[in-house]
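So the structure is just underneath, and the comments pick up after that.
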Amino acid sequence: MMEIQALREKAKKLKESGLNAYEIASEMNIAEETVEWLLSKEEKEKPGKDVKIGWRSIGVYPSRIRYIASAMADIILEEAENREFDVDTIIGIAINGIPYATFIAEELDLELAIFRPHTEKVGVFSSNYAGLKNKNAVIVDDVIGSGKTMRKAITATKKEGGNPVLCVTL
């Protein structure tokens with residue numbers, strides 16, 4: 002499988018450049034478990050279900066990000082209506098959730114907050130964007146793998162006094 006070998010080589014190069022598994026997963030848009038599998042010597046073992054998603058074909062064109070963000074915004078409105086909650090703020094998880102969250106916040110005319118996850122700690126919100134105290138927030142990321150990053154974002158939102166009402170990923 003040429004594709005698997007190319008992914009394996011890319012993961013190895015990123016590892017050699019000093020990135021950890023979490024950072025490699027974020028860079029390659031795959032789960033940490035898949036990174037660990039790619040970096041292992043065991044080629045007989047079958048890969049996880051998310052070996053590769055071609056997000057680059059989406060990410061290089063802002064219009065494509067906007068189209069996807071528009072669909073996500075529509076889902077947010079539908080959930081808010083069905084479950085009867087208001088939304089004050091859209092939270093984008095760095096790095097790949099930020100473009101989607103930005104377009105969603107713009108389309109829904111809501112505030113934007115940015116969450117920066119940390120590999121060993123919960124993470125922090127950027128002080129250059131909206132605060133979360135007493136606000137209903139929707140957390141946006143591109144994908145969800147193990148769920149660790151999303152759980153960290155939920156925990157951090159509550160710690161900041163916000164109310165996470167919905168999480169949206171592709």
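In my numbering, the protein residues as written are 2 to 171. Even glycine gets a Cβ: it sits at the ideal position worked out from N, Cα and C.
For this session: Return the bridge partner residues of F126 from the DSSP annotation.
Result: F116
Exercise. In whole angstroms, what separates the C-alpha of G124 from that of E28?
Worked result: The alpha-carbon atoms of G124 and E28 are separated by roughly 18 Å.
Exercise. Nearest to D89 by CA position, among I140, I69, V36 and Y68, is which residue?
Worked result: For D89, the closest of I140, I69, V36 and Y68 by C-alpha to C-alpha distance is I140.
For this session: Can you check the region 17-43 for any beta strand (DSSP E) of at least 3 residues that lies completely inside it and give the ranges in chain order?
Result: Taken in chain order, no unbroken stretch of beta strand (DSSP E) lies wholly in the region 17-43 with a span of 3 residues or more.
Exercise. From E112 to A131, what distance separates their C-alpha atoms?
Worked result: 6 Å
Problem set entry | Which residues DSSP lists as bridging L167, in chain order | V139
Exercise. Can you name, in chain order, every residue of its own chain whose Cβ lies under 7 Å from the Cβ of T103, other than the five neighbours on each side?
Worked result: G93 and L113
Problem set entry | Own chain partners of K13 with C-beta closer than 7 Å, once the 5 adjacent residues on each side are dropped | L40
For this session: Could you check the C-alpha separation between E34 and C168 for me, to the nearest Å?
Result: 22 Å
Exercise. Three-state secondary structure (DSSP) at V52?
Worked result: Note on V52: pLDDT 44, under 50, position unreliable in the model; no value is reported.
Problem set entry | Given F86 as reference, the closest of P165, L15 and L171 once Cα atoms are compared | P165
Exercise. What number of angstroms, rounded off, separates the C-alpha of L20 from the C-alpha of A32?
Worked result: L20 and A32 have their alpha carbons spaced roughly 15 Å apart.
For this session: Provide the residue(s) that pair with G93 in DSSP beta bridges, ordered along the chain.
Result: I115 and V141
Problem set entry | D142 versus L8 - alpha carbon distance | Using only the alpha carbons, I get a separation of about 22 Å.
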